[in-house]
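First to last, the protein sequences are chains A and B. The numbering of the first sequence is our numbering, which starts it at 334 and goes up by one. The numbering of the second sequence is our numbering, which starts it at 363 and goes up by one.
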Amino acid sequence: MSKFQVTVLGEDKPHQQLVYRYLRRAGFAKHEIVLSDVPGRSGGAGDRWVLDRYATAVREHRRRAAKGALIVVLDADTEEVDRRTRQLDGLLRNSGLDRRGDGETIVHLIPRRNIETWILHLCGQNVDESNDEKRPGIDKMIPDAAATLFEWSTNPPAHCLPSLRAAIQELKRLP
Amino acid sequence: MLTRLYVDNFRCFEKFEWKPERKQLILGRSGTGKSSLMDTVDYLARVVGWHERVDQYFKLNQRTRWLDQREQTFEMEAELLGGKYVYRLITGPVGDPPRLRVYSEELLAPDLRLEFVDGRLAVFHDGGPPAVVEAPDRDDSGIWKAIPKEFHTWITGISCWRINPTAMGSVVSRSDPYPQSDLGNFAAWYQHLVQAKPAENAAFVQDLRESLDCFDRLSLEQPVEGLSVLNAEFLRNGSPITMPFDELSDGQRCLICLYAITHFIVANGGTVIIDEPDNFISLREIQPWLMGIEEMADDHDGQVILISHHPEILNQWAGPYGVQFVREGAGRVEVREFKGDPESSLSVAELVARGWDLE
Chain A
334 MSKFQVTVLG EDKPHQQLVY RYLRRAGFAK HEIVLSDVPG RSGGAGDRWV LDRYATAVRE
394 HRRRAAKGAL IVVLDADTEE VDRRTRQLDG LLRNSGLDRR GDGETIVHLI PRRNIETWIL
454 HLCGQNVDES NDEKRPGIDK MIPDAAATLF EWSTNPPAHC LPSLRAAIQE LKRLP
Chain B
363 MLTRLYVDNF RCFEKFEWKP ERKQLILGRS GTGKSSLMDT VDYLARVVGW HERVDQYFKL
423 NQRTRWLDQR EQTFEMEAEL LGGKYVYRLI TGPVGDPPRL RVYSEELLAP DLRLEFVDGR
483 LAVFHDGGPP AVVEAPDRDD SGIWKAIPKE FHTWITGISC WRINPTAMGS VVSRSDPYPQ
543 SDLGNFAAWY QHLVQAKPAE NAAFVQDLRE SLDCFDRLSL EQPVEGLSVL NAEFLRNGSP
603 ITMPFDELSD GQRCLICLYA ITHFIVANGG TVIIDEPDNF ISLREIQPWL MGIEEMADDH
663 DGQVILISHH PEILNQWAGP YGVQFVREGA GRVEVREFKG DPESSLSVAE LVARGWDLE
């Protein structure tokens with residue numbers, strides 16, 4: 334068994350599932366993927382869950398960086414993707430950690446408005462990044478969405494949502 | 363898939379209702395009826411699907427202690443491809459000395475209703491007058507002979523597991539298509555599967571190669587006519603090392619069984635309930651299996667219900683799929699959606715360990 338590990342820190346099960354399915358498509362074995370805990374139900378605070386754990390996750394990743402990658406999945410919600418990126422940078426600074434370097438295998442996936450927006454978009458539906466698209470039944474679309482994400486990861490189409498295009502660029506940090 | 367179970371007057375279940383999802387984790391403290399729930403589903407499958415005697419599983423002395431009530435009621439609902447099925451069984455004591463027997467049974471199926479009362483089975487089609495099929499014995503299910511094929515296939519496909527690796531041997535005298543709930547007959551079941559499901563077996567073995575260090579394959583050798591031995595083969599520096607299945611560790615045997623359930627049952631769209639799948643296996647092995655069985659259930663319309671106290675399983679499944687069995691005092695059991703504590707940054711397992719999940 335390989336000792337390489339990709340750790341996924343996501344704010345909820347759909348975030349985790351989309352990335353897990355993508356990684357499987359990309360050829361990672363089940364034992365190479367480690368899913369961090371997800372919060373209990375009654376969500377709405379999933380972003381806080383990830384933000385609380387981000388600096389620790391980066392610190393642990395850097396201790397083993399040669400043997401792994403860290404993927405963080407965090408909704409932009411009503412803000413811009415850049416705001417989340419700055420927020421994550423600030424968490425490292427406040428913890429006395431260096432900024433994320435260009436060559437580090439730390440991947441930020443920041444769906445706007447949320448992961449459901451990406452899932453619907455990847456499944457061919459018209460969505461707007463500023464609208465909340467959450468509704469029952471979207472979870473079932475995750476396998477198809479992950480397959481499309483894998484297809485797009487080498488060459489995203491022109492209509493690809495800006496936050497998803499940024500994420501595809503981030504995925505290039507994976508080995 | 364199983365969508366509802368109602369039980370009244372059996373063990374700790376009084377007017378108990380449970381609505382399972384396609385994936386569900388059942389949490390609860392000791393004595394909250396989690397294992398009794400699995401027994402109930404298993405017993406109903408045996409009585410209705412396998413036509414076994416009702417008093418072989420449901421006992422008069424297992425009626426709810428604090429109820430002074432003769433009748434026991436069991437209801438089961440399933441959503442299948444053909445539509446919704448609702449099954450109801452009412453049992454109770456008959457005679458002196460009293461024996462547990464079937465009082466009545468009903469199955470509502472798409473375009474069909476079966477009703478078994480007082481030893482007479484009536485079959486209703488399209489609202490027309492009933493056809494009385496026969497007067498079966500009240501020791502067992504009366505609807506059995508007229509049971510719709512889709513419902514029968516589903517209910518006989520329900521599997522309830524309480525894996526016990528110490529019960530498993532290596533020697534097989536003949537293959538067995540029916541696995542025992544503790545998988546004590548794993549070797550015989552596997553011999554059947556190798557022949558019956560070669561494609562699933564290839565995926566199963568591949569998964570084991572990723573999951574067990576140096577594992578290569580399972581093989582069946584025939585040392586003498588009529589007997590087979592199940593071996594596990596490992597590779598050490600490229601050379602094979604062969605071990606009889608019962609010489610593997612408890613954890614290795616348990617892990618092999620969990621992947622077998624995933625590939626041979628869930629991959630065929632079956633409903634499985636597994637009581638404490640985490641027993642015996644190491645912490646690092648739980649998550650890859652858990653993700654694998656979830657993937658399989660999603661891709662093949664399987665249904666996976668886990669009963670567990672393990673922190674790894676709680677932290678992955680309690681949030682999205684958890685329900686809690688809760689019992690006030692020594693009274694009736696209720697099912698509540700797991701809500702956690704949205705304000706807390708503690709993991710689900712920590713919340714549960716501190717008893718803060720029910721506050």
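Cβ coordinates follow ideal geometry from the N, Cα and C atoms, glycine included. Bear in mind the structure is a predicted one, so any value in this text is a computation, not a measurement.
For the segment 396 to 416 of chain A, the set of residues with a beta-carbon nearer than 9 Å to any beta-carbon of chain B is empty. Excluding its 5 nearest sequence neighbours in each direction, Arg500/B has C-beta neighbours in its own chain below 7 Å: Arg463, Val464 and Gly481, listed in chain order. Leu713/B reaches chain A at Gly373, counting residues in chain order whose Cβ is nearer than 9 Å.
Measuring C-alpha to C-alpha distances from Glu466/A to each of Ala478/A, Glu449/A, Thr481/A and Cys456/A identifies Glu449/A as the nearest.
One thing to note: Ser581/B has its Cβ within 8 Å of the Cβ of Asn593/B. Look at Asp431/A: its C-beta is not under 8 Å from any C-beta on chain B.
Segment contact: the segment 384 to 400 of chain B against the segment 654 to 670 of chain B, three or more CB-CB distances shorter than 8 Å; contact assigned.
As for any alpha helix (DSSP H) of minimum length 4 sitting wholly inside the segment 485 to 553 of chain B, the runs are 511 to 519, ordered along the chain. Among the residues facing chain A, Ser709/B is included, as its CB has a counterpart in that chain under 8 Å away. Counting only unbroken stretches of 3 or more residues, the beta strand (DSSP E) elements lying wholly within the segment 551 to 600 of chain B are 577 to 586 and 589 to 598, in sequence order. For a Cβ distance threshold of 7 Å, residue set Met653 of chain B lies close to Tyr353/A, ordered along the chain.
Nothing from the segment 371 to 403 of chain B brings a Cβ to less than 9 Å from some Cβ of chain A. The segment 632 to 709 of chain B contains, as complete beta strand (DSSP E) runs of 3+ residues, the segments 633 to 637, 665 to 669, 684 to 689 and 695 to 699 (chain order).
Around the beta-carbon of Arg445/A, 16 or more other beta-carbon atoms lie within 10 Å, marking it buried. Residue environment for Trp382/A: buried (at least 16 other C-beta atoms within 10 angstroms of its C-beta). One alpha carbon belongs to Val410/B, the other to Trp506/B, and they sit about 6 Å apart. Residues Leu476, Val485 and Val495 of the same chain have their beta carbon placed closer than 6 Å to that of Ala508/B, with the five preceding and five following residues left out of the count.
What Asn677/B touches in chain A, judged by beta-carbon distance under 8 Å, is Asp370 and Val371, going in chain order. Comparing alpha carbon positions, the residue from Ser573/B, Pro682/B, Arg432/B and Ile635/B closest to Gly457/B is Arg432/B. Looking at the DSSP output, Ser466/B sits in a beta bridge with Ile452/B and Val479/B. Taking the Cβ atoms as the reference, Leu442/A lies roughly 19 Å from Glu393/A, outside the contact range of under 8 Å. Fully enclosed beta strand (DSSP E) runs of no fewer than 3 residues occupy 366 to 368 and 401 to 406 of the segment 359 to 433 of chain A, in order along the chain.
Here the segment 564 to 571 of chain B makes no contact with the segment 630 to 639 of chain B; the two share fewer than three CB pairs at distances below 8 Å. Going by C-alpha positions, Lys421/B is about 53 Å away from Ala390/A. Interface annotation for the segment 570 to 600 of chain B against chain A: Glu572, Ser573 and Asp575, criterion Cβ-Cβ distance under 8 Å. Beta-carbon to beta-carbon, Glu647/B and Ser709/B are separated by about 19 Å, too far to satisfy the 8 Å threshold.
For the segment 377 to 388 of chain A, residues whose beta-carbon sits nearer than 9 Å to a beta-carbon of chain B comprise Gly377, Ala378, Arg381, Trp382, Asp385 and Arg386. Nearest CB-CB separation between Lys363/A and chain B: below the 8 Å threshold. If you compare the alpha carbons of Ser543/B, Ala493/B, Val403/B and Glu609/B with that of Val533/B, the shortest gap goes to Glu609/B. Contact check for Thr426/B against Phe372/B passes: the beta carbons are separated by less than 8 Å. With its beta carbon at least 8 Å from every one in chain A, Pro639/B lies outside the interface.
Under the DSSP assignment, His454/A falls in the alpha helix (DSSP H) whose first and last residues are Ile448 to Leu455.
About 5 Å separates the Cβ atoms of Thr365/B and Glu439/B, confirming a contact at the 8 Å cut-off. At a C-beta separation below 7 Å, Asp660/B has these neighbours in chain A: Pro476. Residues of the same chain with a CB within less than 7 Å of the CB of Asn547/B, apart from the 5 flanking positions on each side, are Asp538 and Pro541 in chain order. Around the Cβ of Gln557/B, a 10 Å sphere holds fewer than 16 other Cβ atoms; the residue is exposed.
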